[in-house]
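Residue numbers (the numbering used here), protein chains in the order written: chain Z, 21 to 457; chain H, 546 to 727.
Okay, structure first, notes after.
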Amino acid sequence: MARYGINELRGMVEPDRVHRATYGDPEIFELEMERIFNRVWTYVGHESQVKKPGDYWTVTIGRQPMIMIRGEDGKVHVLFNCCPHRGNLLIGDRSGNVEKSIVCSYHAWQFNYDGSPKAIPLAKGYEGTKLDPSGRACAVRRAPRQDSYRGFVFASLADSGPSLLDWLGASRVAFDQMCDRAPDGEVEVVPTCFRVLQRSNWKFFLENQLDVAHAVVTHESTGRAAMDVEEQVKAKSGSAPFDYHFLSGFTMPLGAWDKMTTVNYPHGHSVLEGYMSLRPKDPISLEYEAVMKAKYGEARTNEILDKNIHHVICWPGLSIQPPLQQLRAIRPLAHDQTLTELWHFRLKGAPEPIYRRALGYFNLVNSPSTMVNADDLWNFRKQHEGLRSEGSEWVSLHRYLGQDDEAGGVVRTRIGTSEAPLRNYFKAWAEYMTAGN
Amino acid sequence: MLTVTAPAPLAAPKPGAARASVPLDVQRDVEQFLYRQADLLDGKAWQDYIDCFAPDGVYWMPAHPHQTSGDGVPSIFFEDRNLMTIRMKRMLHPRAWSQKTQWGTSHVVGNVAIESHDPKSGAVVCRSRFHMLDFRRDQSRHFAGSYVHRLAKTGDGYRIALQRVDMVNGEGMYEYVLQAWV
């Protein structure tokens, strides 16, 4: 670890470029786990994943295997997935219901859904020892901090730090937009989580999400193919399925992507505005708008639906597309291995076809047969392998530097293809990595 | 608005389900059809592969074994001939970057059982098992599972009304993704 002191770390990130070792050095990854992922708020899951008492999902926060479980008291608990006896994983499956109590498969230590001890076999054996079977040492450890925002559950491994709301800051708009678009004001998870492992550093994924300049290059083949078929279908039957646009949209020329805006906030959070406005005037959309207006009134409905926010990054672990109800959680496993978990949601109270739109995007773009992410994943891998090379010491973040508008710590781009989001991520990266303990 | 018009539901095969007693030539013709379909896939003869499907035929890989239709639920693949054509054109595009690396598959199809056969129309529902090795840039992946084919008989042989593909490792973590049909 000695190789990277504060000065070395500071020297790796310049305003317009970063050193390649930020991606490829396993020692940096260890420091990232300790200084970033052990401190930030990490997305655990949505409350609707665990409806009944005893329902659970397992998840990783930083290096820690964790459990999200619904308690007898109706509250959601985030616990370390670790038996206080001998350290076994308490729950070996991804999801399910524990039924009656959490039971360790090794020596049958039993715990209530909130992690408190319920029964420990051979209790007599602990008489006169330092272990108190009803004490804290025999409880499942809880996440140091846990909170939720509009049904989205987060936990932090740090005892102190900014509250979830303060930490999310303006990126709260991701959850507000998703929930406000639901006539009932909340969303429900669709319990299908696709998981894709990429052989590359976690940062490539996040960078790619708001790098609008890559889309027309990387996704040209899919955009072109979809456009061809869309035109054929239109010529034959007058209209093409709406979903084709999720793919054919990638034929947009570079200049059009420049008209978008990214807004870049403290802690690395960034928002892409102005792409793929989803307020079409087809009968389905109009029916949905009528339901919204009945609930919220005309003015509030317009305020909600006219907000054209396409993509929000809650750095360093979350990518959300509110108008399409998609969420991707990023779980870094090693410096060259990253797991992405892909989810989508239903807007409660919205007509079924509105869900079908989100489903179309989930199936076409985020399923394991994706014709879009396939080329991104390929790029991430090539990027990771490419940066092993000494052919290029530094990674460029220069595009439109100095041409963004900055006010009060918020950087708003004038040109969509500005690399401001990438600069913003690395600003946060450097702050976390060089902050004292 | 809907991308794919869903065919009638089709559940995953039940273990040990009854098999229809069919003339040997029907059994043989069905087997030969399945082998040819797999061969077209391994040979990357994409248009011929798509032509195995009826005009309203659907290729479906459910997200979960309990699903009986791709209608309104997440799927890994849920494609009619139009979506299949997008996939083909995309794979053939000169700048389909991820497809440029050397890659290939080998399918073995077996355990072909005919569940039902309508002697009048010639329509068949059959199931089979497959093993598939996928090789891509120094890495091999192994996928296996079951097919259920709902086949219509035409003057020009069988056409697929619906193909259901359940991979035994379909709910697992994907290292990279799937680009061609399985």
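Ideal Cβ positions, reconstructed from N, Cα and C, are used throughout, including at glycine.
Only a predicted model underlies this, so the values are computations on that prediction, with no experimental measurement involved.
Asked	Found
Reducing DSSP to helix, strand and coil, say where Z/I140 ends up.	coil
Between the C-alpha atoms of Z/Y375 and Z/L367, what's the straight-line distance to the nearest angstrom?	7 Å
Does the stretch 38-45 of chain Z come into contact with the stretch 406-415 of chain Z, if we say contact requires no fewer than three beta-carbon pairs (one atom in each stretch) closer than 8 Å?	yes
Name the residue from Z/H330, Z/E451, Z/N221 whose alpha carbon lies nearest to the alpha carbon of Z/W398.	Z/N221
Within this structure, are the beta carbons of Z/L417 and Z/E451 separated by less than 9 Å?	no
Using a Cβ-Cβ cut-off of 7 Å (strictly less than) and excluding sequence neighbours within five positions of Z/N58, which residues of its own chain qualify?	G82, L177, A178
Given that Z/G380 touches chain H, what residues does it touch there, using C-beta distances under 8 Å?	T548
How would you call Z/A310, buried or exposed, if buried means at least 16 neighbouring beta carbons within 10 angstroms?	exposed
Taking only three categories from DSSP, how would you classify H/F622?	strand
For H/C671, which beta-bridge partners are listed by DSSP?	H/I659, H/H694
What residues match up with Z/D167 in a beta bridge as DSSP calls it?	Z/F174
Can a CB atom of chain Z be found closer than 9 Å to the CB of H/H609?	yes
Helix, strand or coil for Z/S241, going by three-state DSSP, please let me know.	helix
So what does Z/S290 bridge to, in DSSP terms?	Z/N284, Z/I333
When Cβ atoms are compared, which residues of the stretch 211-231 of chain Z fall closer than 7 Å to chain H?	T212, R215, V216, L217
Could you check the C-alpha separation between H/G717 and Z/T149 for me, to the nearest Å?	44 Å
Thinking C-beta only, is Z/T212 closer than 9 Å to Z/W363?	yes
What residues in the stretch 710-722 of chain H bring their beta carbon closer than 7 Å to a beta carbon of chain Z?	M718, Y719, E720, Y721, V722
Taking the CB atoms as reference points, tell me whether H/V722 and Z/S389 lie closer together than 9 Å.	yes
Kindly provide the ranges of any alpha helix (DSSP H) runs that are 4 or more residues long and lie completely inside the stretch 333-382 of chain Z, ordered along the chain.	372-381
Determine the contact status of Z/C102 and Z/Y126, defining contact as a CB-CB distance below 9 Å.	no
Exposed or buried, which one is H/K634 when buried takes at least 16 other CB atoms within 10 Å?	buried
Grab the span of the alpha helix (DSSP H) containing H/Y721 for me, first residue to last.	First-last for H/Y721: undefined, no H or E at that position.
Between H/K634 and chain Z, is there a C-beta pair that is closer than 9 Å?	yes
Is the beta carbon of Z/V64 closer than 9 Å to that of Z/M86?	yes
Would Z/S191 and Z/V332 qualify as a contact pair, given that the criterion is a beta-carbon distance under 9 Å?	yes
For Z/L142, is the classification buried or exposed, using 16 other Cβ atoms within 10 angstroms of its Cβ as the cut-off for buried?	exposed
Nearest chain H C-beta to Z/R244 closer than 9 Å, yes or no?	yes
Taking H/I631 as the reference, which of H/G617, H/T650, H/Q612, H/I595 has the closest Cα?	H/I595
Using only the heavy atoms of the ligand MG, determine whether one of them is closer than 8 Å to the beta carbon of Z/T454.	Of ligands this structure carries none, so the ligand MG is not represented either.
Since Z/I81 is in the beta strand (DSSP E), which residue starts that stretch and which ends it?	75-81
Starting from Z/E34, follow its DSSP beta bridges and name the residues at the other end.	Z/R37
Distance, Cα to Cα, H/T657 vs Z/H234?	The amino acid at residue 657 of chain H is misidentified as Thr; the sequence shows Val. Answer to the nearest angstrom: the Cα atoms are 46 Å apart.
Please classify Z/R299 as buried or exposed, where buried requires at least 16 other C-beta atoms within 10 Å of its C-beta.	exposed
Check whether chain H comes within 9 Å of Z/M21, counting only Cβ atoms and requiring the distance to be less than that.	Low local confidence applies: a pLDDT of 48 at Z/M21 is under 50, so the model's placement there is unreliable, with the coordinate-based value given in what follows. It does not: the Cβ of Z/M21 has no partner Cβ on chain H nearer than 9 Å.
Given H/A697, which residues of its chain have a CB within under 6 Å of its CB, disregarding the five upstream and five downstream residues?	A599, A668, R704, A706
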